[in-house]
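Colleague: Please read through the structure below; I'll follow up with questions.
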DNA sequence: AACTACTCCTGGAGGC
DNA sequence: TGCCTCCAGGAGTAGT
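In the working numbering, the protein residues as written are 58 to 342.
What follows is the structure, given as structure tokens:
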């Protein structure tokens, strides 16, 4: 599932390819995946000036004063195909990045002046695409519903403590999945962060010392930095890929904890599969 | 404040 | 091989 690291690594790869390119053609194959307020035809003729990311949203700023926004949902994927058939890929790995395109799950196709073609696909259609005037990007992504960016200077231990202390009785897992706490975490990286901080998903901020909250803050930063710089978590069919450096607990039920060797346990929290090492993180309920 | 339930969607896995 | 059922979950909203 594309979380912050998946979207950010995709953005960086894409940025190198598309900035400065003009959109020669835009084909919306699945109208239900798109909301304006501007029509898709407004893309044609615009040049890409830059890319940004906020939380799990990928923002593409255009020369005509508009911005194209992608949210990849659970299974969104972007493939940029070059004329020599080389592909720059990111997002959900299914269908295989090598699949012929477009296919029936392809929803938007952008053809550039240099004959590169960008395909946005999503087998579950939980993702979405918007085209809006650049000053109105945050009407689509309301800032007051997003917490701080994890890799920004605003994400300090003090700020994180303040946010958590305001929600003393919320369980850590749903709290961290809430985008208004911290922007960009999803099910996988929440499990990884809690494991790294040796905290249990059902603990609450009210039960934590300042030192423990700082430990969680540090762990979130480390996990996200590691994923963005050294490679994102690899999961196929809900299992961690053998030998991958991430995830370390998510999708590893029954396998030894990398820290202590005890078997990783899976249970449900707010309907989400949750993985813990009970030796390192404790047992609740 | 904190929680649950519900909605969107469909490929893939497992049972028989 | 094939039919059926369940599971995966980001984010928004509504209801308790």
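Glycine included, every Cβ here is placed at the ideal spot set by N, Cα and C.
(1) With DSSP as the reference, identify every bridge partner of residue 175, one or two as the case may be.
(2) Any idea what DSSP makes of residue 280, helix, strand or coil?
(3) Of the residues 316, 322, 317, which one's Cα is nearest the Cα of residue 309?
(4) Is residue 85 helix, strand or coil by DSSP?
(5) What's the C-alpha gap between residue 206 and residue 103?
(6) Contact defined as beta carbons within less than 8 Å: I believe residue 145 pairs with residue 201. What is the distance between those atoms, to the nearest angstrom?
(7) Could you name the residues of the same chain whose beta carbon sits closer than 8 Å to that of residue 86, not counting the 5 residues immediately before and after it, in chain order?
(8) Any idea what DSSP makes of residue 149, helix, strand or coil?
(9) Identify which residue in 98, 259, 275 has its Cα closest to the Cα of residue 329.
(10) Could you pull out every residue in the same chain whose Cβ sits closer than 6 Å to the Cβ of residue 251, ignoring the five residues on either side in sequence?
(11) In terms of residues, what are the limits of the alpha helix (DSSP H) holding residue 12?
(12) Quick one: using the 10 Å Cβ neighbour count with 16 as the cut-off for buried, is residue 209 buried or exposed?
(13) Give the C-beta separation of residue 280 and residue 249 to the nearest angstrom, bearing in mind that I take them to be a contact with Cβ-Cβ under 8 Å.
(14) Whether or not the region 191–201 and the region 221–231 are in contact is what I'm after, with contact meaning three or more pairs of Cβ atoms, one per stretch, closer than 8 Å; do they touch?
(15) Give the DSSP bridge partners of residue 293, in chain order.
(16) At what residues does the beta strand (DSSP E) containing residue 127 begin and finish?
(17) Would you kindly work out how many angstroms separate the C-alpha atoms of residue 60 and residue 92, rounded to a whole number?
(18) Nearest by alpha-carbon distance to residue 189: which of 240, 225, 125 is it?
(19) According to DSSP, is residue 75 helix, strand or coil?
(20) When you compare each of 296, 79, 295 to residue 172 by their alpha carbons, which one comes out closest?
(21) Around the C-beta of residue 82, are 16 or more other C-beta atoms found within 10 angstroms, so that it is buried, or is it exposed?
(22) What span of residues does the beta strand (DSSP E) with residue 114 cover, start to end?
(23) Could you tell me the alpha carbon to alpha carbon distance between residue 227 and residue 253, rounded to whole angstroms?
(24) Are the beta-carbon atoms of residue 64 and residue 147 separated by less than 9 Å?
(25) Measuring alpha carbon to alpha carbon, tell me which of 142, 315, 264, 298 ends up nearest residue 174.
(26) Looking at the unbroken alpha helix (DSSP H) that takes in residue 253, where does it start and where does it end?
(27) Got a sec, what are the start and stop residues for the alpha helix (DSSP H) residue 217 sits in?
Modeller: Taking the coordinates as given:
(1) Within the DSSP bridge table, the entry for residue 175 names 137, 167 as partners.
(2) It is helical.
(3) Comparing Cα-Cα distances from residue 309 to each of 316, 322, 317, the minimum goes to 322.
(4) If DSSP states are grouped into helix, strand and coil, residue 85 belongs with the strands.
(5) If you take the alpha carbons of residue 206 and residue 103, they lie about 29 Å apart.
(6) The beta-carbon separation of residue 145 and residue 201, rounded to 34 Å, does not stay under the 8 Å limit for a contact.
(7) Excluding its 5 nearest sequence neighbours in each direction, residue 86 has C-beta neighbours in its own chain below 8 Å: 159, 163, 164, 165, 166, listed in chain order.
(8) Here residue 149 sits in coil by DSSP.
(9) Checking every option, the nearest Cα to that of residue 329 belongs to 259.
(10) Excluding residues within five positions, the ones whose Cβ falls inside 6 Å are 258.
(11) The question about residue 12 has no answer here: the residues shown for the chain are numbered 58 through 342.
(12) Here residue 209 is exposed: its Cβ has fewer than 16 other Cβ atoms, across all protein chains shown, within 10 Å.
(13) Confirmed, Cβ separation roughly 5 Å.
(14) Contact between the region 221–231 and the region 191–201 is absent, with fewer than three C-beta pairs closer than 8 Å.
(15) Beta-bridge analysis with DSSP links residue 293 to 296.
(16) Looking at the DSSP string, the run of the beta strand (DSSP E) that includes residue 127 is 123–128.
(17) Linking residue 60 to residue 92 through their CA atoms gives a straight-line distance of about 22 Å.
(18) For residue 189, the closest C-alpha among the options 240, 225, 125 is that of 125.
(19) Helix, per DSSP.
(20) The candidate whose alpha carbon is nearest that of residue 172 is 79.
(21) That one is exposed.
(22) Element bounds for residue 114: 114–119.
(23) Going by C-alpha positions, residue 227 is about 20 Å away from residue 253.
(24) Yes, the Cβ-Cβ distance between residue 64 and residue 147 is below 9 Å.
(25) Distance check between residue 174 and each of 142, 315, 264, 298 places 142 closest, using alpha-carbon atoms only.
(26) Its alpha helix (DSSP H) spans residues 244–253.
(27) Counted as a single uninterrupted DSSP element, the alpha helix (DSSP H) harbouring residue 217 occupies residues 214–222.
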